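Data first, discussion second: the structure below is written as structure tokens.
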Amino acid sequence: MVLSTLLMCGWSHTTVAHLLVLSTLLMCGWSHTTVAHLMELSTLLMCGWSHTTVAHLMVLSTLLMCGWSHTTVAHLMVLSTLLMCGWSHTTVAHLMELSTLLMCGWSHTTVAHLHELSKINQIFGTMDHFKPSSQFELTTNNAEAWETWKFEFLLYSDAIQLETKPVKQQRAILLHNIGDVALNIYKTFGLQETLTNPTITEILEKFDNHFKPFKNVIYRIYNFFSEVQEKNQSFDDFVTKVKNKALDCDFGDLTESLIRDRIVLGVLDKN
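Laid out in structure tokens, this is it:
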């Protein structure tokens, strides 16, 4: 009778149905506190709040009702919000550990120090994971060997975000990985590190100039025109090898046409 009267008074069917459910729960023995809590959450849904947000709020309010402190629940709310904003689980877990230490009475200075140590560990962990394939060694074609090693090192430097580190540390990483042979060549450059603080770009340029006289273009052109497909070599592998050899021949605008001619002349299956 009360519900029908409310409908006659202009209340919407949705609101009356909602009130019917809540009153039924009270009659079933649910406490007034629980029903009031449920009423608040359903009202938020009716106001356009997403189910995810309301469910999140429901969990937090339930924790409060279970005796969790407001500080702990607020802390958990912040962390879950960060996850919803796209922060990685690893970062949030790390932040949770640090904030827990603060709540346990650790000083801000100690926790900040611990945070810096964990960052250093992440840096060196990444560096251990990515390593150049080998140290530089002299060969019968030093210029080509140097270009190959430099290419690998630049990939390595991108992987460990070397550019974000201090210049002195960048230089130490380069010289540590370059090997004894190249390190002896580096010493001949006469760079005054304490005065000029040379960057790795400047050092790599020095090595480029050092090995430039060893670049024998005529010999490389000879190798290019001598390239033929081997018996068990796939066609794709043969084409890749021809293109790579053409890069060092300084053909200029003729590069594409000469690559085409070399492929036609060097392929085993003339059909």
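Under the UniProt record's numbering, the first residue of the sequence shown carries the number 1, and numbering increases by one thereafter. Note that CB positions come from ideal geometry on N, CA and C, so glycine has one too. Predicted model only: the values in this text are computed from it and were never measured.
> Given Ala182, which residues of its chain have a CB within under 6 Å of its CB, disregarding the five upstream and five downstream residues?
Replying inline: Phe136
>> Measuring alpha carbon to alpha carbon, tell me which residue in Ser31, Asp248, Val59 is nearest Lys212.
In response: Asp248
>> Less than 8 Å between the C-beta atoms of His70 and Leu64, yes or no?
In response: yes
> Taking DSSP as the reference, what is the three-state secondary structure of Val267?
Replying inline: coil
> If we ignore side chains and look at the alpha-carbon of each, how far apart do Thr15 and Asp158 end up?
Replying inline: 60 Å
> Do Ala246 and Thr240 come within 8 Å of each other at the CB atom, strictly closer than that value?
Replying inline: no
> Exposed or buried, Val242, counting other C-beta atoms within 10 Å across all chains shown (16 or more means buried)?
Replying inline: buried
> In three-state terms, what does DSSP make of Ile173?
Replying inline: helix
> Counting pairs of beta carbons, one from the segment 202–211 and one from the segment 221–238, are three or more of them closer than 8 Å?
Replying inline: no
> Of all the CB atoms in chain C, is at least one closer than 8 Å to the CB of Thr15?
Replying inline: The structure shown has no chain C; it contains just one protein chain.
> Where do the ends of the alpha helix (DSSP H) carrying Ile221 lie?
Replying inline: 217–225
> Could you give the residue range of the alpha helix (DSSP H) that holds residue 282?
Replying inline: Residue numbering for the chain in the displayed model covers 1 to 271; residue 282 lies beyond these limits and cannot be assessed.
> Under a three-way DSSP split, which group does Phe207 fall into?
Replying inline: helix
>> Are the CB atoms of Leu57 and Val73 within a distance shorter than 8 Å?
In response: no
> Helix, strand or coil: which one does DSSP assign to Phe189?
Replying inline: coil
>> Count Cβ pairs between the segment 214–229 and the segment 189–196 that sit closer than 8 Å; are there 3 or more?
In response: no
> Are Gly252 and Glu227 touching if we call contact CB-CB under 8 Å?
Replying inline: no
> How long is the line joining the alpha carbons of Pro166 and Tyr219, rounded to whole angstroms?
Replying inline: 41 Å
> Is Leu20 buried or exposed, if buried means 16 or more other CB atoms sit within 10 Å of its CB?
Replying inline: exposed
> Going by the CB atoms, is the gap between Lys150 and Leu204 shorter than 8 Å?
Replying inline: yes
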